[in-house]
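Chains as they are written, first to last, in this note's numbering: chain Y, 1 to 250; chain B, 251 to 644. Using N, Cα and C, we set each Cβ at its ideal position, and we do this for glycine too.
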Amino acid sequence: MKVLVPIKRVADANVKVRVKSDNTGMDLNNVKMAVNPFCEIAIEEALRLREAGKAEEVIAVSVGTDAAKEQLRTCLALGADRAILVETGEDLQPLAIAKILNGIKEKEQPGLILLGKQSIDGDNGSTGQMLAALAGLAQGTFASELDVQGDSVTVKREIDGGLQTLSLKMPAVITTDLRLNEPRYASLPNIMKAKKKPLDVFSPADVGVELGAGIETLSVEVPAERQAGIIVETVEELVEKLRTEAKVIS
Amino acid sequence: MAVETIQARSGDIFTTEDETLILNSINQWLDRDVRDKVLELEHADEYPHEMVEQMKALGLFGASISQAYGGLGLPSSTYAKIVTTISEVWMSLTGIFNSHLIMAAAVERFGTEEQKQRFLPRFATGELRGGLALTEPNCGTDLQAVRTRAVRDGDDYVINGTKTWISNGIEGGCVALLVKTDSEIQPRHKGMSLFLAEKGPGFSVGRKLEKLGYKGIDSAELIFDEYRIPADNLIGGEEGHGFHHTVGGLELGRINVAARGVGVANAALNDAVAYAQIRETMGKPIGQHQAIQTKLGDMATRCQAARLLVEDAAKAYDRGERCDMEAGMAKLFASEAAMENAAECMRIHGAYGYSKEYHVERYYRDAPLMCIGEGTNEMQRIIIARQMMERNPV
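This is how it looks when you write it as structure tokens:
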């Protein structure tokens, strides 16, 4: 079985990003970039499936500029067998990404597609669901545990107030939650070996996708600065202020 | 960013992208498995066994050993950045692989092919670790004064003497041991030889030495009493070249120590910049007061200058050039930068800087090591001055 793992290049989670002065987006000049943390979890899970003998090949795929090769190489260093970059300079939204990934899915015919549940920059949390719909596959989102048995996969999903367990018939799309696993880091020798692994580059047209502008970003702004809070002396004072100043109770 | 090629002395080819990925991995390791454990291990002066296993898995013990012998053959400029990155979190950790790799470099540069095959692959995996055994109770920087003696006896040598301040002396299994094979010959350095000494009968470890800083890592006294070693373990197979072999490793050793200095100086700067924005006096963050700003300005400039000196020396080393002056300058400046930044960081932190709850007091204790180790800074000044005159004759 092949496992396809779509990954995204994002600003490192530890970096404090700034909004560009003209409000057209984030200023990513000289910012340290990384594999989206949820995607790292997806890669880790795919590698564990392969190590457990339940998958034969792990393929990392990304959609973006040439710079995303760095993140694909990170995935190869972690242990992915090969990588695919669908190269485009366009600022793509989840639907366009899902269409491209569906094109890759047609080419590769994976048994499982493992994705991060969301990216830490766009926070859309919708690519996996859209891909499952486009591909007509079963989906298990926000997985905190998964178990492949034969041609089905059992997924424990984190839902409000509890867990839901689903059985999906494969091929299937699964998106990963934070608690699925703790990803490894790449060893230095594996980083060097990864240079020899295949990294194929396609255009969106190669996978049969015409990009049309669906969504245009008009403006990006920083959240309003939070006003300093106050400390009240007594519960009575708190209730009084909630009633008269905040007007949240009557 | 365009990917550029980086030259390595090993002949292996690298790119700036390799370097980025390597440093990313090191940072992930530091963030996940090291950072939160430093205070506890350091205060207990406890050897970081778990971290050593992680360093093995990362491949750090083979960082500068050629790929042909199972290592990575990294350029020393990349390697110096690794050392700096780790030293920003805990300088002691770099001591576990720094002197180990200098020992490996001596084998790779001066050893016989048989010695390379026998030792380097085991060094690269970290299965056999060690360091340099040069210093003796009565000699440090003046290496030609060593008294440990090796006397030929058939196919073996018999070694007697004492070494001290040997990093990895307790936890390591092997040292590059500098001895006198002829104590009469003049000049004295012609009577010196370097051996690869694995632990065995006659090679015992004395007490673990207590230190101001550089905690966690074992510095020990090594005692050789009728220690018998095969002549095959004489590096290069010929007597009298030990001084040359040792001095050959000092350039890289000094670049290493300088890179540690940059790490400690950076750590002090980073903590100071953060604290200056949080701590308030007279109604505003202390970073808004000029008294603090002038300190931060000097600290940041020192870090940048020290980093550039290290990079310059490392690149000269990677090109295969003589770089004792460049390495000396980097070591001198970076170690003093670490000292000054640690002291300023403590002043900026006030009482908290003096407290063991913060990392600052550790920088203050760790920094002097780099001024003394690998040839004192006084000696570096002399090397630089002599090289200046030698390179600029009238």
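Close CB contacts of B/Gly466 within its chain, under the 8 Å cut and outside five residues either way in sequence, are with Leu291, Glu292, Asp295, Glu296, Tyr297, Pro298, Trp340, Ser342 and Leu343 (chain order). Under a 10 Å Cβ-count criterion, B/Lys413 is classified as buried, with 16 or more other Cβ atoms of the shown protein chains found around its own Cβ. Neighbours of B/Asp268 in chain Y, taken as residues whose beta carbon is under 8 Å from its own, are Ile191, Met192 and Lys195 in chain order. Residues of chain B with a Cβ closer than 8 Å to the Cβ of Y/Arg73 are, in chain order, Glu267 and Leu271. Counting every other CB atom within 10 Å of its CB across the protein chains shown gives B/Asn483 a total of 16 or more, marking it as buried. The beta carbon of Y/Ser62 sits no closer than 8 Å to any beta carbon of chain B. Among the CB atoms of chain B, none fall inside 8 Å of the CB of Y/Glu216. Under DSSP, B/Tyr329 forms no beta bridge with any residue. Under the 8 Å Cβ criterion, the segment 351–360 of chain B does not count as touching the segment 528–538 of chain B, having fewer than three qualifying pairs.
At a cut-off of 8 Å, the C-beta of B/Ser275 has a neighbouring C-beta in chain Y. Identification of residues in the segment 72–96 of chain Y having a C-beta nearer than 8 Å to some C-beta of chain B yields Arg73, Thr74 and Ala77, given in sequence order. With a cutoff of 8 Å on beta-carbon distance, Y/Val61 and Y/Ala77 are scored as not near each other. Only buried fits Y/Leu188, as 16 or more other CB atoms lie within 10 angstroms of its CB. Within its own chain, the residues whose Cβ lies closer than 6 Å to the Cβ of B/Ser349, once the five positions on either side in sequence are excluded, are Gly381, Leu382 and Ser417, listed in chain order.
When only Cα atoms are considered, B/Ala447 and B/Ser454 end up about 11 Å apart.
Y/Ala46 places its beta carbon less than 8 Å from that of Y/Ala55.
Listed along chain B, no residue sits closer than 7 Å to Y/Ala11 by beta-carbon distance, the nearest being about 13 Å off. Residue pairing by DSSP places Y/Ser62 opposite Y/Leu85 in a beta bridge. The beta carbons of Y/Lys197 and Y/Asp81 sit about 7 Å from each other, so the pair counts as a contact at 8 Å. What B/Gln436 touches in chain Y, judged by beta-carbon distance under 7 Å, is nothing: the nearest beta carbon there is about 46 Å away. Taking 8 Å as the threshold, the shortest C-beta distance from B/Gly309 to chain Y falls below it. In the DSSP annotation of this structure, the continuous segment of the beta strand (DSSP E) that includes B/Ile409 starts and ends at Asp406 to Ser417. Assignment of beta strand (DSSP E) within the segment 23–71 of chain Y, counting only whole runs of 3 or more residues, yields 33–35 and 57–64 in chain order. When CB distances to chain Y are screened at a threshold of 7 Å, not a single residue of the segment 333–363 of chain B falls below it.
The beta carbons of B/Leu619 and B/Tyr567 sit no closer together than 8 Å.
Cα atoms of B/Gly578 and B/Gly623: separation of roughly 12 Å, rounded to the nearest angstrom. The continuous alpha helix (DSSP H) containing B/Val610 extends over residues Val610 to Ile622. Here the segment 470–488 of chain B makes no contact with the segment 533–549 of chain B; the two share fewer than three CB pairs at distances below 8 Å. Within chain Y, the residues Leu188 have their CB atoms less than 9 Å from the CB of B/Ala313, given in chain order.
Taking a 10 Å sphere around the C-beta of B/Glu338, we find 16 or more other C-beta atoms and assign the residue as buried. Assigned with DSSP and collapsed to three states, Y/Thr141 falls in strand.
For B/Ile479, the closest C-alpha among the options B/Gln394, B/Glu489 and B/Gly452 is that of B/Gly452.
B/Tyr464 sits in coil when the DSSP states are folded into three classes, being neither helix nor strand. Judged by beta-carbon spacing, Y/Leu168 lies within the 8 Å limit of Y/Val155, meaning their Cβ atoms are closer than that value.
Closest in alpha carbon position to B/Glu303, among B/Leu378, B/Thr335, B/Thr270 and B/Asp268, is B/Leu378. With its beta carbon less than 8 Å from one in chain Y, B/Leu322 belongs to the interface.
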